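Below is one structure, written out as structure tokens, with a few remarks after it.
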Amino acid sequence: MGKIFTTLFACMLALLLAVTAAHAKVTAEEAAKLKGELTPVGAIRAGNAEGTIPEWTGGITQCEEGRKEGDAYKDPYADDKILYTITAQNMDQYADKLTEGYKAMFKRYPETWKMQVYPSRRSAALPQRIYDAIFRNATSAELAEGGNGVLNAGEGIPFPIPKQGIEAIWNHLLRYRGESIYRVYGQIPVTASGSYTPVVMEEKILLPYAQPGATIESTNNKGLYFFQTVLAPARLAGELLLVIDPIDQVREPRTAFTYNAGQRRVRRAPNIAYDNPGTASDGLRTSDQLDMYNGAPDRYNWTLVGRQEKLVGYNAYKLQSKGLKYADIIKPGHINTDLLRYELHRVWVVDAKLKEGTSHIYARRTFYIDEDSWQTMAVDIYDARGQIWRVHEAHCIVYCELPFLGPVGEFSYDLQNGRYIAVGLTNETQAWKFGVKYELEEFTPDAMRRAGRR
Numbered sequence: 294m295g296k297i298f299t300t301l302f303a304c305m306l307a308l309l310l311a312v313t314a315a316h317a318k319v320t321a322e323e324a325a326k327l328k329g330e331l332t333p334v335g336a337i338r339a340g341n342a343e344g345t346i347p348e349w350t351g352g353i354t355q356c357e358e359g360r361k362e363g364d365a366y367k368d369p370y371a372d373d374k375i376l377y378t379i380t381a382q383n384m385d386q387y388a389d390k391l392t393e394g395y396k397a398m399f400k401r402y403p404e405t406w407k408m409q410v411y412p413s414r415r416s417a418a419l420p421q422r423i424y425d426a427i428f429r430n431a432t433s434a435e436l437a438e439g440g441n442g443v444l445n446a447g448e449g450i451p452f453p454i455p456k457q458g459i460e461a462i463w464n465h466l467l468r469y470r471g472e473s474i475y476r477v478y479g480q481i482p483v484t485a486s487g488s489y490t491p492v493v494m495e496e497k498i499l500l501p502y503a504q505p506g507a508t509i510e511s512t513n514n515k516g517l518y519f520f521q522t523v524l525a526p527a528r529l530a531g532e533l534l535l536v537i538d539p540i541d542q543v544r545e546p547r548t549a550f551t552y553n554a555g556q557r558r559v560r561r562a563p564n565i566a567y568d569n570p571g572t573a574s575d576g577l578r579t580s581d582q583l584d585m586y587n588g589a590p591d592r593y594n595w596t597l598v599g600r601q602e603k604l605v606g607y608n609a610y611k612l613q614s615k616g617l618k619y620a621d622i623i624k625p626g627h628i629n630t631d632l633l634r635y636e637l638h639r640v641w642v643v644d645a646k647l648k649e650g651t652s653h654i655y656a657r658r659t660f661y662i663d664e665d666s667w668q669t670m671a672v673d674i675y676d677a678r679g680q681i682w683r684v685h686e687a688h689c690i691v692y693c694e695l696p697f698l699g700p701v702g703e704f705s706y707d708l709q710n711g712r713y714i715a716v717g718l719t720n721e722t723q724a725w726k727f728g729v730k731y732e733l734e735e736f737t738p739d740a741m742r743r744a745g746r747r
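For the sequence shown, the positions run 294 to 747 when my numbering is used.
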């Protein structure tokens, strides 16, 4: 009798989950809000009652006249003054606006960590075709079985009015960042004393889902093609990484290859995923931490906590200035906080807890996702003891030529050993390039072999 009951319960649970997934899309009446009280991406259009978050009026939709590709981006808010500065001494006054991770930073670095808060500027924007796609997705997109993929969507985020945590995470994973990207940037692992050796990365990225007219079906379940080359230092130069990411990575696992310059061999690399160390990161970030979070979501249970007002790194134009050197940015314990700009924004809070029977070095993560862009702005990362281990943050600007809001730097602070890693700095390289024409043949093991011989 017990076995029959258990089987019956399991069947009912499976049916319930299937029904939930099937009803992930919203009604036409709900979708209509995206053209009224909500913005085209599902954010609340109005400001808050206190007036500390303004109304969204369209964001930054074009670059300043005369800007050339590869230049740093001009700060449209350079005249803004600091409203207030939060320190370890006054942090309790602002506790409800601070993530648990930022509270932990004040406790870990009471003498040096501060947050300079500026007026909130809702600068995020996207191309009109992406807004149109999001509106279509709202009434058609569904979660695949188990939530490990998305069905009936294309081009834009699939769930502008999310009902589940996993939907919000898919919005981050499938948010618009252009159709292709070329970038060269610094990744800097920093010791507790503040010493470092920059690692220079070149990356070519092709995003099939973002192509005009793309659907899940037309992409053949492919979400990203990624080719990374280490340019410096000399001891690492020539190492290559190729990643092909399916959208549903449980049905079709990630394909990855590495090329070791010393061995001159291409090897399949199934371990380039989840909690395996990121390339040349000295173990300070996991593979799934790049871009704040990437890869398959199947090892966590995702809970949608809801919208909250939090201080996050926004409009960080000062941080990407070509007048700065890495030595101006990198300091012991954390980066130079005088270069950071924090603003009050509404974020979607998603709590991820490791599923029973799965493994990951991070037992829990709490994500803070910008409601205006679906860019993850901060992540609190917990160890198996339930203590905050790492604090991960992104500082973002609007890449005006497309446009979209994205990071000019990601920083992951290890509170246990005082080390951290900075990823994506372009102060000593060049700004990102978009719309680069890539062929699929450039994302193959053969292409790696050719690149390795050069």
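Backbone N, C-alpha and C define an ideal beta-carbon position, used for all residues, glycine too.
Predicted, not measured: the structure shown is a model, and the values here were computed from it.
- A Cβ-Cβ contact shorter than 8 Å links Met494 with Tyr478.
- In this structure Leu604 is not in contact with Lys326, their Cβ atoms being roughly 27 Å apart against a cut-off of 8 Å.
- Distance check between Val701 and each of Leu695, Leu708, Gly717, Glu694 places Gly717 closest, using alpha-carbon atoms only.
- Under the three-state reduction of DSSP output, Arg683 falls in the strand class.
- The region 543-557 makes no contact with the region 641-652; the number of CB pairs closer than 8 Å stays below 3.
- When DSSP assignments are scanned along the region 358-443, the uninterrupted stretches of beta strand (DSSP E) that are 3 or more residues long and fall wholly within it turn out to be 377-379, 408-410.
- A residue is called buried once 16 or more other Cβ atoms fall within 10 Å of its Cβ, and Ile375, having fewer, is exposed.
- Residue pairing of Ser488 in beta bridges, as defined by DSSP: absent, with no partner found.
- Cβ-Cβ distances below 8 Å link Gly487 to Ile623, Lys624, Pro625, Gly626 in the same chain, with the five nearest sequence neighbours on each side left out; the list follows chain order.
- Here the alpha carbon of Gln480 sits roughly 11 Å from the alpha carbon of Thr722.
- Nearest in C-alpha terms to Val492, of all of Glu532, Gly599, Tyr731, Thr405, is Glu532.
- Bounds of the alpha helix (DSSP H) holding His465 are 458-466.
- Leu597 sits in a strand when the DSSP states are folded into three classes.
- Using a Cβ distance threshold of 8 Å, Gln409 and Arg634 count as a contacting pair.
- Here the alpha carbon of Phe704 sits roughly 19 Å from the alpha carbon of Val523.
- For secondary structure counted as the beta strand (DSSP E) over 3 or more consecutive residues, the region 472-535 holds these complete runs in sequence order: 473-483, 492-499, 515-525.
- Within the same chain, Cβ atoms closer than 6 Å to the Cβ of Leu698 are found at Ala417, Ser666, Gln668, Cys689, Val691, the five residues on either side in sequence being excluded.
- Approximately 11 Å separates the beta-carbon atoms of Asp541 and Asn513; this is outside 8 Å, ruling out the contact.
- For the options Leu419, Arg468, Gly599, the alpha carbon positioned closest to that of Phe660 is the one of Gly599.
- Around the C-beta of Leu733, fewer than 16 other C-beta atoms lie within 10 Å, and the residue is accordingly described as exposed.
- For the pair Arg592 and Tyr619, the CB atoms are not nearer than the 8 Å cut-off.
- Take Asp707, set aside five residues on each side of it, and the residues of its chain with a beta-carbon closer than 8 Å to its own are Leu577, Trp682, Arg683, Tyr713, in chain order.
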